[in-house]
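2 protein chains.
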Amino acid sequence: MTASDVHVSVDIVVLTLRDSALRALLIRRSEEPYRGYLALPGGSVGADEDLDQAAGRVLREETAVDIDLVHLEQVATYGAPGRDPRARTLSVTYLAVLPDLPEPRAGSTQASAEWLAVEDLDSAELAFDHHTILDEAVERARSKLEYSPLAAAFCSRYFTIAELRRVYEIVWGRRLDPANFHRKVTGADGFIRATDRTNSGGPGRPAKIFELGDAKVVHPPILR
Amino acid sequence: MTASDVHVSVDIVVLTLRDSALRALLIRRSEEPYRGYLALPGGSVGADEDLDQAAGRVLREETAVDIDLVHLEQVATYGAPGRDPRARTLSVTYLAVLPDLPEPRAGSTQASAEWLAVEDLDSAELAFDHHTILDEAVERARSKLEYSPLAAAFCSRYFTIAELRRVYEIVWGRRLDPANFHRKVTGADGFIRATDRTNSGGPGRPAKIFELGDAKVVHPPILR
DNA sequence: TGAATAGTGTCTCTCAGACACTATTAG
DNA sequence: CTAATAGTGTCTGAGAGACACTATTCA
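These protein sequence lines are chains A and B, in that order.
Take the first sequence: its position 67, counting from 1, is numbered 67 in my numbering, and each next residue is one higher.
Plus 1000 on top of the position in the second sequence (first one is 1) and you've got my numbering.
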């Protein structure tokens, strides 16, 4: 009666911006079930691992990313009987957000990984209930842009306000007024902190370079 | 290596208003470990149960409440090794919100249940990591009052605006201006719907009686 | 120079909060 | 009547969005 022999895995929705699109990392499965389908990167939870630890480990295995720059948070847990045809499996799902680094995982395990545009998700065939999991994680990311500094996790350590604005524009899928956006993010207490440097190279007036501030919540929020 | 023999339980933070305080349902444990400590109501997930189903079943077992009136949502999953000294156990935690019904669970299993004021949580000795779980669920409830119709789940099917305001005041722990509150909740599209009835009995002008509307999000939000 | 981007000023509209005021009941 | 609660009017200030305007660079 009690479900004592349950497999527990962590599945991670890894989001980044790439080619002006919000994309999620997906792995082409080479084994049954769902051979040939795309699936979220994931793995089993080790016997002595906490869930957050397991998520961090899986993320490193799949992306080789510098863990400092990553935002990683638990989203939800799925456990419907039959969601995995092999055995009763619980999936503890995480959202990871990272900058678009020039790093496909060097050698390592995975046969083929893809950055699928979230926009094209509806027409993609995903394994298990990963469609639901992705939807929920993406919606979490969208709403957290409003009241948390999550947007900066899509950027490198140092960024301009235009880069930050691009994050909001792409994730939300709508244009924002540059002037008003500038006032809002610089006015939100502790969200971003100016450095004494500016960028250059492109046309136009050089932009100040900012870094992430200490605030854990953005107030006033950047409303969608 | 893979954690295949993991116990999975659901633990529920059941919140209600009682004696002008936000209170959580806790059970005095009669067995080791943590004998004599207070713990969240919970139970194992059945072999053919989905997680939400299991949470609903546990809630009915512990409170005998009419499930229609209850708000029930998953909050988070805890799985640190060692959180239960007996075995590796995953706790999928839920938040339940219900009106203060005149029903202590009739007969049934539980030795002693208590409605502990959330205010007094800091000084309570709770089993396992239930302190953390409670804190997170309470914070979830507090923040969901702002942008969701959750407050109505603390009320009966029909309620006055003053009753709704009391929910916000007690959960947030601060006074709200009755006049401004009235305008805000009646102005939020689809949050509450007026009936043609009024209450009476007490002193003062009778209040219109409202019921919950169809909206899943409250806009504009009722800000804390 | 002009084109492009960064950043500021300013106006209008909406909404939150303070609080005066009206409405309707019990006692 | 007074006390009490329900509900409306109105003013003020903060912030959002529209958009004109200034600042600083590259070609």
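Yeah, the Cβ is synthetic: ideal placement off N, Cα and C, and Gly gets one too.
Predicted model only: the values in this text are computed from it and were never measured.
How many angstroms separate the CA atom of residue i from the CA atom of residue j?
i: V1185 of chain B; j: R166 of chain A; result: 35 Å
i: G107 of chain A; j: I12 of chain A; result: Any reading at G107 of chain A must be qualified, since the residue scores a pLDDT of 44, below 50, and its modelled position is unreliable; no value is offered.
i: S9 of chain A; j: V45 of chain A; result: 5 Å
i: G1042 of chain B; j: N180 of chain A; result: 49 Å
i: A3 of chain A; j: G79 of chain A; result: Model confidence at A3 of chain A stands at a pLDDT of 46, short of 50, so the residue's coordinates are unreliable; what they give is reported in the following sentence. For A3 of chain A and G79 of chain A, the distance between alpha carbons rounds to 11 Å.
i: R140 of chain A; j: L164 of chain A; result: 18 Å
i: A47 of chain A; j: P1081 of chain B; result: 8 Å
i: A1055 of chain B; j: R1183 of chain B; result: 36 Å
i: A39 of chain A; j: P99 of chain A; result: 21 Å
i: D1177 of chain B; j: P1221 of chain B; result: 16 Å
i: L1059 of chain B; j: G187 of chain A; result: 45 Å
i: F154 of chain A; j: G190 of chain A; result: 18 Å
i: T1160 of chain B; j: V1097 of chain B; result: 18 Å
i: A1117 of chain B; j: L15 of chain A; result: 40 Å
i: D1050 of chain B; j: T89 of chain A; result: 11 Å
i: L1145 of chain B; j: Y1168 of chain B; result: 7 Å
i: S1148 of chain B; j: L1212 of chain B; result: 11 Å
i: R175 of chain A; j: A162 of chain A; result: 12 Å
i: G173 of chain A; j: G1173 of chain B; result: 38 Å
i: L69 of chain A; j: V1138 of chain B; result: 30 Å
i: Q1074 of chain B; j: R1057 of chain B; result: 14 Å
i: A135 of chain A; j: H1219 of chain B; result: Note that residue 135 of chain A is Asp in the sequence shown here, rather than Ala. Going by the C-alpha atoms only, they are around 22 Å apart.
i: T132 of chain A; j: I1209 of chain B; result: 38 Å
i: G1036 of chain B; j: D1122 of chain B; result: 17 Å
So with Cβ pairs under 8 Å, would you call residue i a contact of chain B?
i: T77 of chain A; result: yes
i: A47 of chain A; result: yes
i: P81 of chain A; result: yes
i: D129 of chain A; result: no
i: D5 of chain A; result: yes
i: V58 of chain A; result: no
Does the beta carbon of residue i sit closer than 8 Å to a beta carbon anywhere in chain A?
i: P1033 of chain B; result: no
i: R1088 of chain B; result: yes
i: V1217 of chain B; result: no
i: V1171 of chain B; result: no
i: D1050 of chain B; result: yes
i: V1008 of chain B; result: yes
i: V1070 of chain B; result: no
i: V1013 of chain B; result: no
i: V1092 of chain B; result: yes
First and last residue of the beta strand (DSSP E) that includes residue i?
i: A194 of chain A; result: I192 to T198
i: K1216 of chain B; result: No beta strand (DSSP E) holds K1216 of chain B; DSSP gives it neither H nor E.
i: S30 of chain A; result: From DSSP, S30 of chain A is part of no beta strand (DSSP E); its letter is neither H nor E.
i: R992 of chain B; result: Lying before the first or after the last residue shown, residue 992 of chain B is absent from chain B, which here runs from 1001 to 1224.
i: A47 of chain A; result: Taken as a continuous stretch (DSSP letters only), A47 of chain A belongs to no beta strand (DSSP E), as it is neither H nor E.
Just tell me which of the options has its CA closest to the CA of residue i.
i: D120 of chain A; options: A:A21, A:D5 and A:R157; result: A:A21
i: A1127 of chain B; options: B:R1028, B:S1112 and B:R1197; result: B:R1028
i: S143 of chain A; options: A:S112, A:T89 and A:L95; result: A:L95
i: Y34 of chain A; options: A:Q53, A:D52, A:R86 and A:R18; result: A:R86
i: L1025 of chain B; options: B:D1068, B:T1195, B:D1052 and B:A1124; result: B:A1124
i: L1101 of chain B; options: B:A1194, B:R1023, B:G1036 and B:R1193; result: B:R1023
i: D1017 of chain B; options: B:I1209, B:Y1158, B:V1075 and B:V1171; result: Just to set this straight, residue 1017 of chain B is Leu in the shown sequence, not Asp. That would be B:V1171, whose Cα lies nearest to the Cα of L1017 of chain B.
Given that a residue counts as buried once 16 or more other Cβ atoms are within 10 Å of its Cβ, and exposed if not, what is residue i?
i: V6 of chain A; result: buried
i: E1114 of chain B; result: exposed
i: V217 of chain A; result: exposed
i: D1066 of chain B; result: exposed
i: A1152 of chain B; result: buried
i: T1077 of chain B; result: buried
i: S1091 of chain B; result: buried
i: E32 of chain A; result: exposed
i: S1156 of chain B; result: exposed
i: D84 of chain A; result: buried
i: T93 of chain A; result: buried
i: M1001 of chain B; result: Caution applies to M1001 of chain B, whose pLDDT of 42 falls short of 50 and renders its modelled position unreliable; the value that the coordinates give is listed next. M1001 of chain B is exposed by the Cβ-count criterion.
i: T1063 of chain B; result: buried
i: L1150 of chain B; result: buried
i: S1112 of chain B; result: exposed
i: H1130 of chain B; result: buried
i: A194 of chain A; result: exposed
i: L1223 of chain B; result: exposed
Can you give me the start and stop residues for the alpha helix (DSSP H) that residue i sits inside?
i: S143 of chain A; result: H130 to Y147
i: G1187 of chain B; result: P1178 to G1187
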